[in-house]
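For reference, the structure is listed below as C-alpha cells.
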Amino acid sequence: MATTYLDITNEVLRELNELPLTSANFASAIGLQQFVKDAINKSIFDIANEEPQLPFLSAGLSGATDPFYGNVTVATTAGTRWYLLKAGSSSLADDYGSVDWDDFYLTTINVSGETAPYVSKGLRFINLEDWKRYYRDSENEDDANGQAYGEPVRVIKSPDSRKFGLSPIPDKEYNVHFYAFNKPTKLTAYSDTIVFPEQYSNVITSRARYYVWQFKESPQQAAFALEDHKKAMRHMKSNLMNPTPRVMTDDRRYF
Amino acid sequence: MARSQPYTVACAGGLVKSANSIDLLRTPGVARELRNFEVSIEGGYRRINGYTKLGGASATRPTGSATQILGVIPYADGVIACAGTGIYFSQDGITWLQVNRLSAVSGDNYATFTGKALSARTGQGQCSFAVFENSYDYGEIIISDGANRPFSFRMEGTGALNTRTFFSSLITVDSTNSVKYVTVHDHHLIAAGVDNNDSTVYYSVNNDPDNFTGVGAGAITISDKIVGIRGFREDLIIFCENSLHKLININDSGTVAVVPVAENVGCLSGYSIQEIGGDLVFLAPDGLRTVAGTARIGDVELGTVSKAIQPLLNDIARNINDYTITSMVHRDKSQYRLFYSDLVGIKNGIIGTLRPNGFEWSEIRGIEVSAIGTAFNEVGIEEHYHGSTSGYVYVHDSGNSFDGSNILARFGTPDYDYGDLGTLKTLHYLKVSASAEGVVTPDIQVRFDYGSSDTPQPSSLFDLGTIDPPSLFGDAVFGTNIFGGAENPLIRIPLQGSGYSNNFTVISEDTKAPYTINGFYIDFIPSGRR
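Sequence order for the protein chains is A and B. As numbered in my numbering, residues 2 to 256 make up the first sequence, in order. As numbered in my numbering, residues 629 to 1158 make up the second sequence, in order.
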C-alpha cells in the first residue's frame, strides 16, 4: 500500500514525540503539526530539485506507446522547428520537471505512410549558442527562400526551456522520442500518496526532521537529521540511478 | 532526542480557585480542579470513598417512601433519622422503630413504648441535635426541627432492642414555641431560633436539659437574629445574621452576659458550624471563617480560611436561600465537610482537610446530602451517616461507589511552565507516584497552553495502566493480594505533544477502589523559543 501524506507526516511527528494527526483533523492542522506537513512537501521538492530524474518521477513508462527509447513522443510537422516538450502545457509551472537532452531519438517508424527504409537515429544536443553561430542563419534562409528543409540531426533547447527545436527544420513528419520527468505534485489531502517507493520514505522524513529541528532550535539534532538525509539520498540514488556496471580491462600485460 | 530535563511536583496545597493562571505557575503542587478527591492527611490527593445504603441490599427507608431525610445522627448502637413527621431509630437500616412517642417519665419497655400514640412532628424541618451524655447508657438526645418543641429521647439497656427501656418527652423552652437550634454548653442545653423569639438564646438548668424554668435557667435577648449556636471552650458563641456574640459566665446568674465578638461578620447557616482543630468553622458571607481562641483570655480572632476557594464560596453565598446546608467533621481525616444542595440538581460539597499549614480544599460533586451526622458509637468508633431526598440513610464515606453509581473523579494540575513560559517543551514521559487501595485504572489527560485551540491537543486520554494495591510482607494475604504491587509505585507513561506549558488531569469514572496521587515526575525536552 502506498504511503500517504498522513502516514509520512505522522511518521515524522512520532519520531519527534509529537501528537499524530488523524484523517479528521489533518486538513485543519495547526502549529507544529502544520509545520511538519509543510516540511514534508518542502523535503520532497528538495529531493526532486537535487535529483529531478529519479525514476519514480518519470513522465511515463519507457516504450509504453512505442518500442523506441523514451517515454514521450512528439510528432514533427514539415517546416516547424519548435515543439512544446509537454503537449498541452500552458506554462513552465506545468511543464516537465526535467528532460534528458542527451537521449532524443528521431524516427519515421510508425509514422503514417512511411515505409522502409526508415530513418532511425539519435539527435545530438547542441547548445543554443552553437546553433545560433553555425546553423540558424542558413536554416532560416532555407526556410524563407525555398522552404528547403531537411532531416533533423540536432536538438536544441529553447531559451524559455519550454520547447525543443530541431535542426535542420524537419522536412516531413517524424516521431521524436525522448525521456521526461514530472515535477512532484504538492501534497494536500491526507490521502495523497507519496510517489517514492516506501523503502525510500526515510529520505523524506530525515529531511523533514532537519527542518523541524531547526524550527525547534536544535542545530545538533538538525545536523544529525541532515546527515541521515544525505546518507539516505546517496543510497537511493545509488540503487535507482547509478549506471549499470561496465567492464574495465587492464591490458598492459599484453605489452 | 535533545537533552531532556526533569521536573518534579509533589501534590500539596489542595484546590485553588482564587489564583490566576500566572500565579498558579509558582505553585505547581496545588490543584485547579479537585473533584471527588480529598487532600490526604499524609499528603497527596486521594479519590474519596463513596457511600452505601445503611442496610446494604436489604436497606429500607425510615418512612417507607422517598421522603427527604431531615436529620440523621448516630445514636447508641444505631442511627436516628428524622423524616416526614417522624423520628426513627434503626440498628441496621433494615428495620426502623418510630420513636416520636411520649413515654412515661420513668420510661417504657419496648411493648409499652411501641404501643404509645405517635407524637407527630408536624412540619418538621431541618433538624438540629444535642446529646447530653450524663451517666446514661447512650446519653439523652434532644432534637429540634424549627416547627415543634424539642424532642428528648434516650434508650437504656444494651441487649436486644425489645429488651430496652425508652424515655422520651417534649421539652418546653418557651411555652409551646418551636425551636430550631439546640446545643450543649457547659452542662446546659442551649436553645435558639425559638419561634417569635428569633433573637433570644435560652439556657436550661445546669445539668437538666429538660428544665428551662428552674434555678440556673434563663434567656438573653440580643439585637440580631440568631442563626446558630455552639459552645466553644468556656463561652457560647452565638451566630447571628450580621454579627457574632458570645455568652459568658453561664453558671453565674450575676455575671452572665452576652458580649459582642464581631459586628460586621454574620453567619449564613447555622448548619455550617463545626468544631475542628481547636476552632469553630462557620459559613460567613465572605467564606468559611474560624472563631479561634487566642492566648488572651476573653479575646477571639476571626479569620477566613477558604480564600483558596473563594469563588465556590461566593456561589454558595449568592444562592444560600436555594441550598440546604449541612456539614460534618471527619475526625479521622481532620476534615471539615460542607454540603450544599438544592435537592433538585445541585449535589455538591467541599472538603477542607486541616494540614500543618491550614485548610486545604477539594470539591465533592454528586452526593446529595439533605442531612448528615457524625458521632462516636457505643464502642467509641466514629460513624458518619447522611440522608437525601431518596428517603434512605447512607453510610457516609464508605465503599467505592455512589450507592452503585460511578464516581467521576478529576484532579487537574495547574499549567506547568517548567521555569520558562517562553520555551516550547516537548513532553517525553511522565511518572506518576500513586498509591492504590485496590486495583485501579485511572487515566491522564494532557492539555497544552491552557487548552488553547491554537495548539494541537491530544484527542484521547493517556492510559495510566492498572495500579495494583501493595502487597506488604506481614500484611498481604495469599490468594487475595496481588504479587508485586508496590506501596507507592511510579507509573511511567510515554507522552506526546508539545507546548509552552501544559497541565495534567487525572480522571477516573468507575466503582473501583480509591487511590492517592502523590506527585509527578515529568521528563521534557526544551524545543526552542520560537
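All C-beta atoms in this analysis are idealised placements derived from N, C-alpha and C, irrespective of residue type, glycine included. Everything numeric in this text was worked out from a predicted model, so none of it was measured.
Nearest to B/C895 by CA position, among B/T883, B/L908, B/V887, B/V886, is which residue? The residue given as residue 895 of chain B occupies position 267 in the second sequence. The shortest C-alpha to C-alpha distance from B/C895 to any of B/T883, B/L908, B/V887, B/V886 is the one to B/L908.
Neighbourhood of A/F57 by C-beta distance below 7 Å, restricted to the same chain and skipping five residues each side: Residue 57 of chain A sits at position 56 when you count from the first residue of the first sequence. So the list reads V196, F197, P198, once near-sequence residues are dropped.
Taking 8 Å as the cut-off, does the stretch 988 to 1000 of chain B touch the stretch 1013 to 1024 of chain B (at least 3 CB pairs, one atom from each stretch)? These segments touch.
So which residues of chain B does A/N50 contact, with C-beta pairs closer than 7 Å? Position 49 of the first sequence, counting from 1, holds the residue named residue 50 of chain A. Within 7 Å Cβ-Cβ: nothing; A/N50 doesn't reach chain B, min ~26 Å.
What residues of chain A sit near B/D1082, judged by a beta carbon separation below 9 Å? Position 454 of the second sequence holds residue 1082 of chain B. Result: I31, G32.
Just to confirm, is the Cβ distance from B/A704 to B/E1006 under 7 Å? Translated into positions along the second sequence, residue 704 of chain B becomes position 76. Translated into positions along the second sequence, residue 1006 of chain B becomes position 378. Between B/A704 and B/E1006, the C-beta gap is smaller than 7 Å, which places the two residues in contact.
Going by DSSP, what residue range makes up the beta strand (DSSP E) through B/P939? Within the second sequence, numbered from 1, the residue matching residue 939 of chain B stands at position 311. Counting along the chain, B/P939 falls outside any beta strand (DSSP E), though it belongs to the alpha helix (DSSP H) covering 938 to 946.
Through-space distance from B/V812 to B/I818, alpha-carbon basis: Indexing the second sequence from 1 puts residue 818 of chain B at position 190. Indexing the second sequence from 1 puts residue 812 of chain B at position 184. About 6 Å.
Same chain, Cβ closer than 6 Å to A/Q35, five either side skipped, listed in chain order: Position 34 of the first sequence, counting from 1, holds the residue named residue 35 of chain A. Sequence-distant Cβ neighbours of A/Q35 in its own chain, meaning closer than 6 Å and more than five residues away, do not exist here.
Span of the beta strand (DSSP E), counted from its first residue to its last, around A/K164: The residue given as residue 164 of chain A occupies position 163 in the first sequence. Looking at the DSSP string, the run of the beta strand (DSSP E) that includes A/K164 is 164 to 168.
From B/N737, B/Y679, B/N664, pick the residue whose C-alpha is nearest to that of B/F1030; which is it? Within the second sequence, numbered from 1, the residue matching residue 1030 of chain B stands at position 402. Here the closest residue by C-alpha is B/Y679.
Please give me, in chain order, every unbroken run of the beta strand (DSSP E) with length at least 3 that falls completely inside the stretch 647 to 686 of chain B. Segments of the beta strand (DSSP E) lying fully in the stretch 647 to 686 of chain B: 661 to 663, 665 to 667, 673 to 675.
In this structure, how does DSSP classify A/Y136 when only helix, strand and coil are distinguished? Start at 1 with the first residue of the first sequence, and residue 136 of chain A comes out as number 135. The answer is helix: DSSP assigns A/Y136 an H, G or I state.
Which of helix, strand or coil DSSP assigns to A/A226: For the purposes of this step, residue 226 of chain A is taken as residue 225 along the first sequence, with counting starting at 1. Residue state, collapsed to three classes: helix.
Which runs of the beta strand (DSSP E), 3 residues or longer, sit entirely within the stretch 1065 to 1137 of chain B? Considered as a whole, the stretch 1065 to 1137 of chain B harbours 1071 to 1076, 1118 to 1122 as its complete beta strand (DSSP E) runs of no fewer than 3 residues, in chain order.
On a CA-only basis, which of B/D1082, B/I978, B/A920 is nearest B/V667? Give me that one, please. Walking along the second sequence from the start, residue 667 of chain B turns up at place 39. Residue nearest to B/V667 within the set B/D1082, B/I978, B/A920 is B/I978 (criterion: CA-CA distance).
Taking C-beta pairs closer than 9 Å, name the residues in chain A that B/S1126 reaches, listed in chain order. Counting from one through the second sequence, the residue named residue 1126 of chain B turns up at place 498. By Cβ distance, chain A contributes L17, N18, E19, L20, G32, L33, K217.
Is A/T74 helix, strand or coil when you go by DSSP? As a working mapping, residue 74 of chain A is identified with position 73 in the first sequence. Strand, per DSSP.
Buried or exposed: A/Y135, going by 16 or more other Cβ atoms within 10 Å of its Cβ? Counted from its first residue, the first sequence places residue 135 of chain A at position 134. Classification for A/Y135: exposed.
Below 7 Å between beta carbons: does that hold for B/I974 and B/Y899? Counting from 1 along the second sequence, the entry for residue 974 of chain B is found at position 346. Counting from 1 along the second sequence, the entry for residue 899 of chain B is found at position 271. No, these two residues do not count as a Cβ contact at 7 Å.
Hey, is the stretch 1136 to 1146 of chain B in contact with the stretch 1068 to 1075 of chain B, meaning 3+ C-beta pairs nearer than 8 Å? The stretch 1136 to 1146 of chain B vs the stretch 1068 to 1075 of chain B: in contact.
A/K238 (DSSP reduced to helix, strand or coil): The residue you call residue 238 of chain A lines up with position 237 of the first sequence. Of the three classes helix, strand and coil, the one that applies to A/K238 here is helix, per DSSP.
Residues near B/R1158 by beta carbon distance below 8 Å, same chain, minus five either side: For the purposes of this step, residue 1158 of chain B is identified with residue 530 of the second sequence, where counting begins at 1. These residues qualify, in order along the chain: L1052.
Is the shortest distance between the beta-carbon of B/G1102 and the beta-carbons of chain A less than 7 Å? The sequence position of residue 1102 of chain B within the second sequence is 474, counting from 1. With respect to chain A, the C-beta atom of B/G1102 has no partner C-beta closer than 7 Å.
Could I get the ranges of all uninterrupted beta strand (DSSP E) runs contained in the stretch 733 to 780 of chain B, with 3 residues as the minimum, in chain order? Here the runs fully enclosed are 756 to 760, 768 to 772.
Three-state class that DSSP yields for A/D54 in the structure shown: Start at 1 with the first residue of the first sequence, and residue 54 of chain A comes out as number 53. Inspection of the sequence shows that residue 54 of chain A is occupied by Gln rather than by Asp. Reduced to three states, the DSSP call for A/Q54 is coil.
Helix, strand or coil at B/S806 according to DSSP, with G and I counted as helix: Numbered from 1 along the second sequence, position 178 holds the residue referred to as residue 806 of chain B. Looking at B/S806 - three-state DSSP - the assignment turns out to be coil, as it is neither helix nor strand.
Which same chain residues end up closer than 8 Å to B/Y1022 when comparing Cβ atoms and leaving out the 5 residues on each side of it in sequence? The residue labelled residue 1022 of chain B in the question sits at position 394 within the second sequence. So the qualifying residues of the chain are Y679, T680, K681, L682, Y1013, H1014, G1015, S1016, D1031.
Answer with yes or no whether the minimum CB distance from B/P634 to chain A is below 7 Å. On the second sequence, residue 634 of chain B is found 6 positions in, with the first residue counted as 1. No, its Cβ sits nowhere closer than 7 Å to a Cβ of chain A.
Whose C-alpha, out of B/I854, B/N877, B/L941, B/F760, is nearest the C-alpha of B/A912? Translated into positions along the second sequence, residue 912 of chain B becomes position 284. Considering only B/I854, B/N877, B/L941, B/F760, the residue with the shortest C-alpha distance to B/A912 is B/L941.
Short Cβ contact (7 Å threshold) for B/V886 with B/F867: For the purposes of this step, residue 886 of chain B is identified with residue 258 of the second sequence, where counting begins at 1. For the purposes of this step, residue 867 of chain B is identified with residue 239 of the second sequence, where counting begins at 1. No.
Range of the contiguous alpha helix (DSSP H) that encloses A/R208: Working through the first sequence from its first residue, we reach residue 208 of chain A at position 207. A/R208 -> alpha helix (DSSP H) spans 202 to 216.
Residues near A/H230 in its chain [Cβ-Cβ closer than 7 Å; skip 5 each side]: Position 229 of the first sequence, counted from the first residue, corresponds to residue 230 of chain A. Cβ within range, chain order: V204, S207, R208, Y211.
Whose C-beta lies closer than 7 Å to the C-beta of A/N11 among residues of the same chain, with five residues either side of it excluded? Residue numbering aside, residue 11 of chain A sits at position 10 when the first sequence is read from its first letter. So the qualifying residues of the chain are P21, L22.
In the stretch 1045 to 1059 of chain B, which residues sit with their C-beta less than 8 Å from some C-beta in chain A, listed in chain order? Taking 8 Å as the Cβ-Cβ cut-off against chain A, the residues of the stretch 1045 to 1059 of chain B that qualify are L1052, T1054, L1055, H1056.
Can you tell me whether B/A923 is helix, strand or coil according to DSSP? Residue 923 of chain B sits at position 295 when you count from the first residue of the second sequence. Model confidence at B/A923 stands at a pLDDT of 36, short of 50, so the residue's coordinates are unreliable; what they give is reported in the following sentence. Coil, per DSSP.
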